[in-house]
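J.: The opening residue of the sequence shown carries number 54 in my numbering; numbering runs sequentially from there. Even glycine gets a Cβ: it sits at the ideal position worked out from N, Cα and C. The structure presented is a predicted model; accordingly, all values stated were derived computationally and were not measured. One structure follows; several queries about it will come next.
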Amino acid sequence: MKKLIGLLFMGSVLFCAGQKKTDPLIFGNSISAENLSKDLYIVAGKSFEGRETATVGQRKAAAYIEQFFKSLGLQPGNGSSYQLPYPVYQDTLLSAQIRVNDDSFDLYKDYDLSIAANYSASFGSHDIVFAGYGISDSAWDDYRGLNVRGKVVIILNGYPDGLLQRQADLRIFNAFAKQDAAQEHGAIALLVIQHDFPHVASSPKGKMYLNAFYPTVRPITINISQKIARSIMGQDYDSISNASFKSKTYYKNIWISLNKETKFLESTDVLGYLEGTDLKGQLLVISAHYDHLGIRDSLIYYGADDDGSGTVSLLELASAFSKAKADGAGPRRSILFLANSGEEEGLWGSAFYTNNPVYPLEKTTADLNIDMIGRKDPGRKKGDSNNYVYVVGDDKLSSELSPLSAAMNKKYTKLELDNKFNDPEDPLRIYYRSDHYNFAKKGVPVIFYFDGIHHDYHQPTDTPDKIDYHLLEKRARLVFYTAWEMANRYEMMKRDLPAVTEER
Numbered sequence: 054m055k056k057l058i059g060l061l062f063m064g065s066v067l068f069c070a071g072q073k074k075t076d077p078l079i080f081g082n083s084i085s086a087e088n089l090s091k092d093l094y095i096v097a098g099k100s101f102e103g104r105e106t107a108t109v110g111q112r113k114a115a116a117y118i119e120q121f122f123k124s125l126g127l128q129p130g131n132g133s134s135y136q137l138p139y140p141v142y143q144d145t146l147l148s149a150q151i152r153v154n155d156d157s158f159d160l161y162k163d164y165d166l167s168i169a170a171n172y173s174a175s176f177g178s179h180d181i182v183f184a185g186y187g188i189s190d191s192a193w194d195d196y197r198g199l200n201v202r203g204k205v206v207i208i209l210n211g212y213p214d215g216l217l218q219r220q221a222d223l224r225i226f227n228a229f230a231k232q233d234a235a236q237e238h239g240a241i242a243l244l245v246i247q248h249d250f251p252h253v254a255s256s257p258k259g260k261m262y263l264n265a266f267y268p269t270v271r272p273i274t275i276n277i278s279q280k281i282a283r284s285i286m287g288q289d290y291d292s293i294s295n296a297s298f299k300s301k302t303y304y305k306n307i308w309i310s311l312n313k314e315t316k317f318l319e320s321t322d323v324l325g326y327l328e329g330t331d332l333k334g335q336l337l338v339i340s341a342h343y344d345h346l347g348i349r350d351s352l353i354y355y356g357a358d359d360d361g362s363g364t365v366s367l368l369e370l371a372s373a374f375s376k377a378k379a380d381g382a383g384p385r386r387s388i389l390f391l392a393n394s395g396e397e398e399g400l401w402g403s404a405f406y407t408n409n410p411v412y413p414l415e416k417t418t419a420d421l422n423i424d425m426i427g428r429k430d431p432g433r434k435k436g437d438s439n440n441y442v443y444v445v446g447d448d449k450l451s452s453e454l455s456p457l458s459a460a461m462n463k464k465y466t467k468l469e470l471d472n473k474f475n476d477p478e479d480p481l482r483i484y485y486r487s488d489h490y491n492f493a494k495k496g497v498p499v500i501f502y503f504d505g506i507h508h509d510y511h512q513p514t515d516t517p518d519k520i521d522y523h524l525l526e527k528r529a530r531l532v533f534y535t536a537w538e539m540a541n542r543y544e545m546m547k548r549d550l551p552a553v554t555e556e557r
């Protein structure tokens with residue numbers, strides 16, 4: 054048994070015939086704080102403008118990563134290209150108008166709307182029907198006895214207390230449930246009364262999204278102020294929160310007009326491929342997302358830790374493995390260095406890759422994902438916070454992940470491996486919040502390396518000067534040694550634990 058266990062962890066030093074026996078320390082030590090710092094001041098610098106997906110800054114960052122991969126002699130990871138493009142769409146609201154009888158109202162002061170979720174239209178109506186909270190299911194139906202077909206519906210935001218206490222049918226708490234109910238009953242528009250107007254600092258540009266074609270076209274939905282609600286309902290508005298208030302039709306002339314333009318944009322993942330030797334048909338993926346939040350209110354969100362730290366670690370790992378291959382100690386399995394975009398928008402780049410894999414996922418031994426490993430967690434109260442890393446997902450999908458990770462750490466880096474975020478009850482849901490999760494959903498074993506949430510998270514103050522480069526170096530080296538073992542061991546990582554497939 055001892056002999057068998059020893060063989061399992063000899064992949065890093067025992068190669069097939071004709072290859073060198075090499076200590077991975079030689080190449081792991083080439084990952085240095087100095088190189089990480091040099092690259093990060095570029096990646097998280099002003100010229101890349103915060104690297105927001107489908108912007109000039111993101112394209113500059115992609116070009117930088119591509120050129121870096123080329124300089125190492127990595128092969129293009131997508132056929133003849135280093136970049137894997139995917140479509141992105143964005144709407145611009147050109148004009149909007151709401152008029153009730155002779156009263157006109159101001160966008161963002163009196164009403165607002167989701168630009169992506171609505172469509173261009175102009176129409177009027179003489180009937181506006183108040184339908185409570187706009188809920189319609191077997192246990193609670195605000196539409197019972199109402200005829201709203203071809204009419205505008207006005208509803209309250211939120212949910213009644215009794216329904217919140219019951220929570221028996223979670224379907225009604227779906228983000229689109231109220232729109233779906235209005236659609237099912239034939240409404241042409243839905244006005245949702247809000248209590249947080251006026252708005253300030255809004256933009257006519259909508260959020261970007263991936264799917265330009267909606268299989269379900271929901272009614273025009275607009276969030277309205279109390280001012281608009283009063284113009285429609287008059288004194289009744291003061292009584293609508295009373296449970297005894299009944300649905301009612303208001304005969305007002307309402308005019309609604311929206312005009313938007315949809316632009317086709319594009320983003321890319323950047324793929325560098327290092328071909329293996331005798332097991333080159335199998336693959337290890339090492340991933341990090343290079344996008345961040347871009348420019349908001351004229352401030353650059355630099356994203357040095359999120360995820361500049363992962364991006365430059367990916368570059369250093371690629372460099373270390375390239376050195377190994379140049380010295381005749383290249384990995385047995387091929388390695389894909391995958392720099393994703395779109396993570397901040399909803400894990401877009403990794404979702405596109407895993408739904409359209411360039412290399413078979415069934416031949417992918419694991420994904421090692423690096424997202425924020427350059428800082429310390431100010432909320433961590435146990436252990437040595439100068440010498441730790443959160444390891445997430447190593448208890449899922451493969452029983453071999455955690456032992457392998459622990460063995461490599463014990464042998465080489467001696468960090469504290471903190472599994473805090475493996476807790477199924479984790480309130481932050483960290484396991485679901487980075488690119489590894491799209492691989493895990495497809496059954497690929499994953500490890501996610503993470504430093505925790507700090508005060509500069511998603512702030513313009515996440516800058517390169519705040520990175521602990523020596524700790525970043527140590528964490529990146531742990532990923533390298535773990536990847537070395539995975540790329541050189543005899544067998545792919547077992548897939549013998551149940552998947553966790555809850556959506557983000």
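Measuring alpha carbon to alpha carbon, tell me which of K449, I309, S372, F101 ends up nearest V497.
T.: Reading the sequence shown from its first residue, position 444 is the one you call residue 497. It is K449.
J.: If you draw a straight line from the alpha carbon of A357 to that of L346, how long is it in whole angstroms?
T.: Within the sequence shown, residue 357 is the residue found at index 304, counting from 1. Within the sequence shown, residue 346 is the residue found at index 293, counting from 1. Straight-line Cα distance between these residues: approximately 11 Å.
J.: If I follow the unbroken alpha helix (DSSP H) through E469, where does it start and stop?
T.: Here residue 469 refers to the residue found at position 416 of the sequence shown. Premise fails: E469 lies in the beta strand (DSSP E), 469-471, not in any alpha helix (DSSP H).
J.: Kindly indicate the opening and closing residues of the alpha helix (DSSP H) around E328.
T.: In the sequence shown, counting from the first residue as 1, residue 328 sits at position 275. That residue, E328, is in no alpha helix (DSSP H); it is neither H nor E in DSSP.
J.: Please identify the residue among F80, Y303, P138, K313 whose C-alpha is closest to the C-alpha of A149.
T.: Residue mapping note: residue 149 aligns to position 96 of the sequence shown, counting from 1. Closest by alpha carbon: K313.
J.: Buried or exposed: where does T269 fall if 16 or more other Cβ atoms within 10 Å of its Cβ makes it buried?
T.: Position 216 of the sequence shown, counting from 1, holds the residue named residue 269. T269 should be labelled exposed.
J.: Have a look at the DSSP bridge pairing and note the partners of N7.
T.: The displayed coordinates of the chain run from 54 to 557. Any statement about residue 7 would go beyond what the structure contains.
J.: Could you check if A379 is buried or exposed, using at least 16 other CB atoms within 10 Å of its CB as the buried criterion?
T.: For this step, residue 379 is matched to residue 326 along the sequence shown. Exposed, by the Cβ-count rule.
J.: Along the beta strand (DSSP E) that carries A392, what are the first and last residues, could you check?
T.: The residue you call residue 392 lines up with position 339 of the sequence shown. Per DSSP, A392 belongs to the beta strand (DSSP E) from 386-393.
J.: Would you kindly check if the distance between the Cβ of V445 and the Cβ of I506 is under 9 Å?
T.: On the sequence shown, residue 506 is found 453 positions in, with the first residue counted as 1. On the sequence shown, residue 445 is found 392 positions in, with the first residue counted as 1. Not closer than 9 Å, so no.
J.: Per DSSP, H342 is paired with what?
T.: Against the sequence shown, residue 342 aligns to sequence position 289. Its beta-bridge partners are N393.
J.: Can you tell me whether DSSP reads G110 as helix, strand or coil?
T.: Within the sequence shown, residue 110 is the residue found at index 57, counting from 1. Residue state, collapsed to three classes: helix.
J.: Compare the Cα-Cα distances from G427 to each of I293, K519, V141 and report the closest residue.
T.: Taking the sequence shown and counting its residues from 1, the one referred to as residue 427 is at position 374. When only C-alpha atoms are compared, the closest one is K519.
J.: Between Y443, D424, I423, which lies nearest to G432 when the distance is taken from Cα to Cα?
T.: Numbered from its first residue, the sequence shown carries residue 432 at position 379. For the residues Y443, D424, I423, the minimum Cα distance to G432 belongs to Y443.
J.: When we look at the beta-carbon of K527 and count the other beta-carbons within 10 Å, is it buried (16 or more) or exposed?
T.: Translated into positions along the sequence shown, residue 527 becomes position 474. Burial call: buried.
J.: Grab me the residues of S65's own chain with a C-beta within less than 6 Å of its C-beta, minus the 5 sequence neighbours each way, in chain order.
T.: Here the question's residue 65 lines up with position 12 in the sequence shown. Any reading at S65 must be qualified, since the residue scores a pLDDT of 42, below 50, and its modelled position is unreliable; no value is offered.
J.: Between the beta-carbon of I181 and the beta-carbon of K305, is there less than 9 Å?
T.: Counting from one through the sequence shown, the residue named residue 181 turns up at place 128. Counting from one through the sequence shown, the residue named residue 305 turns up at place 252. For I181 and K305, yes; Cβs fall inside 9 Å.
J.: Determine the closest residue to Y161 out of I275, Y262, M261, Y135, with distance taken between C-alpha atoms.
T.: As a first step, residue 161 is located in the sequence shown; it is residue number 108 there, counting from the start. Closest option to Y161, Cα to Cα, is I275.
J.: Hey, how far is the Cα of Y406 from the Cα of A115?
T.: Along the sequence shown, read from residue 1 onward, the residue named residue 406 stands at position 353. Along the sequence shown, read from residue 1 onward, the residue named residue 115 stands at position 62. Approximately 16 Å between the Cα atoms of the pair.
J.: Please report the residue range of the alpha helix (DSSP H) in which K494 lies.
T.: Translated into positions along the sequence shown, residue 494 becomes position 441. That run of the alpha helix (DSSP H) goes 489-494.
J.: Mind reading off the beta-carbon distance from D488 to N393? Whole number of angstroms is fine, and I expect it under 8 Å.
T.: Your numbering for residue 488 matches position 435 in the sequence shown. Your numbering for residue 393 matches position 340 in the sequence shown. Contact holds; Cβ gap of about 5 Å.
J.: What are the boundary residues of the beta strand (DSSP E) that includes F298?
T.: If you number the sequence shown from 1, residue 298 lands on position 245. That residue, F298, is in no beta strand (DSSP E); it is neither H nor E in DSSP.
J.: Among G381, Y94, E397, N422, which one has its Cα closest to the Cα of L389?
T.: Mapped onto the sequence shown, residue 389 falls at position 336. Checked all of G381, Y94, E397, N422; the closest Cα to L389 is N422.
J.: Rounding to the nearest angstrom, what Cα-Cα distance links Y355 and Y510 in this structure?
T.: The residue labelled residue 355 in the question sits at position 302 within the sequence shown. The residue labelled residue 510 in the question sits at position 457 within the sequence shown. Approximately 10 Å between the Cα atoms of the pair.
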